[in-house]
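Trainee: Residue numbers (the numbering used here), protein chains in the order written: chain S, 1304 to 1533; chain F, 755 to 1249.
Sending over a structure as structure tokens; questions will come in a sec.
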Ligand code: SF4
């Protein structure tokens, strides 16, 4: 099919009334690609850290996610067990094999049953971390990898995401900068932006949650407050 | 069972060897329109659409004071891309290969269909899950797979419903918008034989849950997942796919092979550029601030990954677009398929998507379709517009749709595809326009007569020679002197 490639590129150049880009044109593109420029940044996300976390929570709730704010990692198991019990959901969790999640004392105060692996057919509840949050729209940013199978974000009925409050940025652009710095090479295989639980309005424009992805998205924001002064 | 009028079915077999995607019923546009106007189910659906989408878009725009700046930025990105399209496609291709993926190029629909079928055959695929793709519709991939023993399964709820009904989509982002829940229930009762026949299917929730449960196993069975792309990112070789349902993610992460089909104009330079366009996409489309799932995928499963496809293919389709570059329809290539021009178009809102007779509808369809399948079969489309300008006003990419509709009309006139009465009328107008005195006399007389005739109601129900116009709307009666006599008064007699 390289014949198709040659012909398509030739037709494009013919329509643009030029040949291949000259060297200086290529250099300009290299520069544009090498130093990505941000477009206009909405003012609403330019806030101090406290207000930014509040905006993130408010926007996430606006799109039907539920949010729990906990003082520290030690509170996560109880918070999740309480959330599940309150909705009559089983305390059986499929967890991402993530060191940060493994460090959580799951069985100290709860009867949660925790296994690890990718999302499979009968998983009801998954727990993952997020790389970042975007306050502008209450969006979570998740990166795939050996410690973060992407199917956990889509297969189970309930997706619980644990995020450090310090990882909540104002805008998507800030998160791209952080991802580039963190991975230092090609992007992770998938970068998932998740803004609320799955939904559809395909039947008579009636908005319904839980189309093919999770019916519920629950976000646990870990504020790392000093529990005494929090 | 409510009375339903049979719909035009453009899902014919692809014309062999021509690269044509699917036969259009656009030639029957007048009959399609009459049928649409008489279809009460459709009219109810269109009323729901007219109240829903535009109001939600308005609210989202109101929450984003920078929206006009964001539109400018999004437009500028695409303007830049189109000027450098060849170079960005080459960059994108190189990055996909770096990521371990494969890139294929298709000049037309037939080549794209064969490429997809070839990939399916290489892995012995029996089932392909599909996430909604307009390009998939454009190349009529489902029929091709079916005819060759591979089962395509649409997973977007709306697409799934219309696949069961053997209908084309009637809207860019809401493919089953023309159907009532009763029609959906009838279809499910007929096709989902595994469930008790007498079950209740009244509520949309029940219909959704039934579709969800049926599709669950299909996702896990599929050998190949086929998705479209909202954008291709040259910087990273990433494919951006946006959905609300999560179906595209199950489609691309569960099967062994992920195939992406995307047209050439989908490429953008960087992740920041993609982000700028995403800020206007959902707001324009559904009035959401951001769609639920925006996924940037870059190549197949990496070492150590516990999930994801083993193979990753991107098919880059031209199908007439490279010829649109640099010409009268260049700007149409900025379109991001948000559907806003449909939702705000008085014609679309009266007749729905099927009347347009092919894959794309509304103002964007009226401009794009003749580019893709020729003006000869689609000549009615550029005339299915009042040139009211609402589409351009609303288009996030600021595409001058009315201007391009006029280009088509001019081409029709130039190639003698305009009906004889219109041609005679235009000739008469041209004759008069070159003779100012005669023109003033003729228009002055005509206005005076029309003014007198229409005075009582202020509008005309019917007028000789322009029955096509007055059949579906009233023509306001002239309310005063002609433009040229006003101009003359203003300028103290110098004209
Ligand atoms: S023409 Fe503009 S408004 Fe219409 S679908 Fe394309 S981008 Fe949206």
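Virtual Cβ for every residue (Gly too), placed ideally from N, Cα, C.
Does residue 1507 of chain S come out as helix, strand or coil in the three-state DSSP assignment?
Mentor: In the first chain, residue 1507 of chain S corresponds to position 204, counting from 1. In the structure shown, residue 1507 of chain S sits in coil (DSSP, three-state: anything other than H, G, I, E or B).
Trainee: In chain S, what lies closer than 9 Å to residue 852 of chain F by C-beta?
Mentor: Locating residue 852 of chain F in the second chain gives position 98, counting from the first residue. Those within 9 Å of residue 852 of chain F in chain S are 1489.
Trainee: Could you have a look at residue 1345 of chain S and say whether DSSP puts it in helix, strand or coil?
Mentor: Residue 1345 of chain S sits at position 42 when you count from the first residue of the first chain. Residue 1345 of chain S: coil per DSSP, three-state reduction.
Trainee: Cα separation between residue 1081 of chain F and residue 870 of chain F?
Mentor: Walking along the second chain from the start, residue 1081 of chain F turns up at place 327. Walking along the second chain from the start, residue 870 of chain F turns up at place 116. In a straight line, the C-alpha of residue 1081 of chain F is about 30 Å away from that of residue 870 of chain F.
Trainee: How would you label residue 1115 of chain F, buried or exposed, when you count the other beta carbons within 10 angstroms and need 16 or more for buried?
Mentor: Against the second chain, residue 1115 of chain F aligns to sequence position 361. Buried, because 16 or more other Cβ atoms sit within 10 Å of the Cβ of residue 1115 of chain F.
Trainee: Taking only three categories from DSSP, how would you classify residue 944 of chain F?
Mentor: Your numbering for residue 944 of chain F matches position 190 in the second chain. Residue state, collapsed to three classes: helix.
Trainee: Quick check on residue 945 of chain F: buried or exposed, where buried means 16 or more other Cβ atoms within 10 Å of its Cβ?
Mentor: Your numbering for residue 945 of chain F matches position 191 in the second chain. Residue 945 of chain F is exposed by the Cβ-count criterion.
Trainee: If you compare alpha carbons, which of F:1064, F:1041, F:1045 is closest to residue 1052 of chain F?
Mentor: As a working mapping, residue 1052 of chain F is identified with position 298 in the second chain. Here the closest residue by C-alpha is F:1064.
Trainee: May I ask whether a heavy atom of ligand 2 can be found less than 7 Å away from the beta carbon of residue 1018 of chain F?
Mentor: The model on display carries ligand 1 but not ligand 2.
Trainee: I need the boundaries of the alpha helix (DSSP H) containing residue 832 of chain F, first residue and last residue.
Mentor: The count along the second chain starts at 1 and reaches residue 832 of chain F at position 78. Note, residue 832 of chain F: alpha helix (DSSP H), 821 to 837.
Trainee: Taking the C-alpha atoms as reference points, what is the distance between residue 915 of chain F and residue 820 of chain F?
Mentor: Along the second chain, one-based indexing puts residue 915 of chain F at 161. Along the second chain, one-based indexing puts residue 820 of chain F at 66. Cα to Cα, residue 915 of chain F sits roughly 38 Å from residue 820 of chain F.
Trainee: Distance cutoff 8 Å, beta carbons only. Does residue 1469 of chain S sit that close to anything in chain F?
Mentor: Within the first chain, numbered from 1, the residue matching residue 1469 of chain S stands at position 166. With 8 Å as the cut-off, residue 1469 of chain S does not count as an interface residue toward chain F.
Trainee: According to DSSP, what are the bridge partners of residue 1467 of chain S?
Mentor: Here the question's residue 1467 of chain S lines up with position 164 in the first chain. BP columns for residue 1467 of chain S point to S:1525.
Trainee: Heavy atom of ligand 1 less than 7 Å from the Cβ of residue 874 of chain F, yes or no?
Mentor: In the second chain, residue 874 of chain F corresponds to position 120, counting from 1. Incorrect: residue 874 of chain F has no Cβ contact closer than 7 Å to ligand 1.
Trainee: Along the chain, where does the beta strand (DSSP E) that runs through residue 1495 of chain S open and close?
Mentor: Here the question's residue 1495 of chain S lines up with position 192 in the first chain. Residues 1493 to 1497.
Trainee: Can you find the residues in the same chain that come closer than 7 Å, C-beta to C-beta, to residue 1314 of chain S, ignoring five residues on each side of it along the sequence?
Mentor: In the first chain, residue 1314 of chain S corresponds to position 11, counting from 1. Around residue 1314 of chain S: no qualifying Cβ.
Trainee: Confirm the yes/no value for this check: CB of residue 1038 of chain F, any heavy atom of ligand 1, distance under 7 Å.
Mentor: Within the second chain, the letter at position 284 stands for residue 1038 of chain F. At least one heavy atom of ligand 1 is nearer than 7 Å to the Cβ of residue 1038 of chain F, so yes.
Trainee: Cβ of residue 1142 of chain F versus every heavy atom of ligand 1: is any distance shorter than 7 Å?
Mentor: One-based indexing of the second chain puts residue 1142 of chain F at position 388. Not so, every heavy atom of ligand 1 lies at least 7 Å from the Cβ.
Trainee: Quick one: does the C-beta of residue 1151 of chain F sit closer than 7 Å to a heavy atom of ligand 1?
Mentor: Here the question's residue 1151 of chain F lines up with position 397 in the second chain. Indeed, a heavy atom of ligand 1 lies less than 7 Å from the Cβ.
Trainee: Looking at ligand 1, does it come within less than 7 Å of residue 1090 of chain F, judged from the CB to the closest heavy atom?
Mentor: Your numbering for residue 1090 of chain F matches position 336 in the second chain. For ligand 1, at least one heavy atom lies less than 7 Å from the Cβ of residue 1090 of chain F.
Trainee: Quick check on residue 1427 of chain S: does DSSP put it in helix, strand or coil?
Mentor: Counted from its first residue, the first chain places residue 1427 of chain S at position 124. Of the three classes helix, strand and coil, the one that applies to residue 1427 of chain S here is coil, per DSSP.
Trainee: Taking Cβ-Cβ distances below 8 Å as the criterion, which residues of the segment 1034 to 1053 of chain F are in contact with chain S?
Mentor: Those would be 1040, 1042, 1043, 1044, 1045, 1046, 1047, 1048, 1049, 1050, 1051, 1052, 1053, in chain order.
Trainee: Output the distance between the C-alpha atoms of residue 1458 of chain S and residue 1135 of chain F, rounded to the nearest integer angstrom.
Mentor: By 1-based counting over the first chain, the position of residue 1458 of chain S is 155. By 1-based counting over the second chain, the position of residue 1135 of chain F is 381. Rounded to whole angstroms, residue 1458 of chain S to residue 1135 of chain F spans 43 Å at the Cα level.
Trainee: Spell out whether any CB of chain S is found under 8 Å from the CB atom of residue 823 of chain F.
Mentor: Translated into the one-based positions of the second chain, residue 823 of chain F becomes position 69. Taking Cβ atoms only, chain S reaches closer than 8 Å to residue 823 of chain F, which makes this a yes.
Trainee: According to DSSP, is residue 905 of chain F part of a helix, a strand, or is it coil?
Mentor: The residue given as residue 905 of chain F occupies position 151 in the second chain. Here residue 905 of chain F sits in strand by DSSP.
Trainee: Going by the beta-carbon positions, is the gap between residue 894 of chain F and residue 863 of chain F smaller than 8 Å?
Mentor: Sequence index remark: in the second chain, residue 894 of chain F carries index 140 (1-based). Sequence index remark: in the second chain, residue 863 of chain F carries index 109 (1-based). In contact: residue 894 of chain F and residue 863 of chain F (Cβ atoms closer than 8 Å).
Trainee: Is the Cβ of residue 1410 of chain S closer than 8 Å to any Cβ of chain F?
Mentor: What you label residue 1410 of chain S is simply residue 107 of the first chain in a count that begins at 1. Not closer than 8 Å to any Cβ of chain F, the Cβ of residue 1410 of chain S fails to qualify, so no.
Trainee: Please identify, using Cβ separations under 9 Å, the residues of the segment 906 to 931 of chain F that lie next to chain S, in order along the chain.
Mentor: Those residues of the segment 906 to 931 of chain F that come within reach of chain S (Cβ to Cβ, closer than 9 Å) are 909, 910, 911, 912, 913, 914, 915, 928, 929, 930, 931.
Trainee: Thinking just about the alpha-carbon of each residue, which of S:1332, S:1327, S:1344 is nearest to the one in residue 1030 of chain F?
Mentor: Counted from its first residue, the second chain places residue 1030 of chain F at position 276. Residue S:1344 is the option with its Cα nearest to residue 1030 of chain F.
Trainee: Given a cut-off of 8 Å, decide if residue 1500 of chain S and residue 1528 of chain S are closer than it, judged by their beta-carbon atoms.
Mentor: Position 225 of the first chain holds residue 1528 of chain S. Position 197 of the first chain holds residue 1500 of chain S. No, the pair does not count as a contact, with Cβ atoms beyond the cut-off.
Trainee: Go through its chain and collect everything with a Cβ distance to residue 1000 of chain F's Cβ below 8 Å, but skip five positions before and after it.
Mentor: Position 246 of the second chain, counted from the first residue, corresponds to residue 1000 of chain F. The answer, listed in chain order, is 1046, 1047.
Trainee: In the DSSP output, which residue or residues are listed as bridge partners for residue 987 of chain F?
Mentor: As a working mapping, residue 987 of chain F is identified with position 233 in the second chain. DSSP, once it has assigned bridges, lists F:992, F:1022 as partnering residue 987 of chain F.
Trainee: Going by beta-carbon coordinates alone, are residue 1095 of chain F and residue 1039 of chain F separated by less than 8 Å?
Mentor: By one-based count along the second chain, residue 1095 of chain F stands at place 341. By one-based count along the second chain, residue 1039 of chain F stands at place 285. Contact: no.
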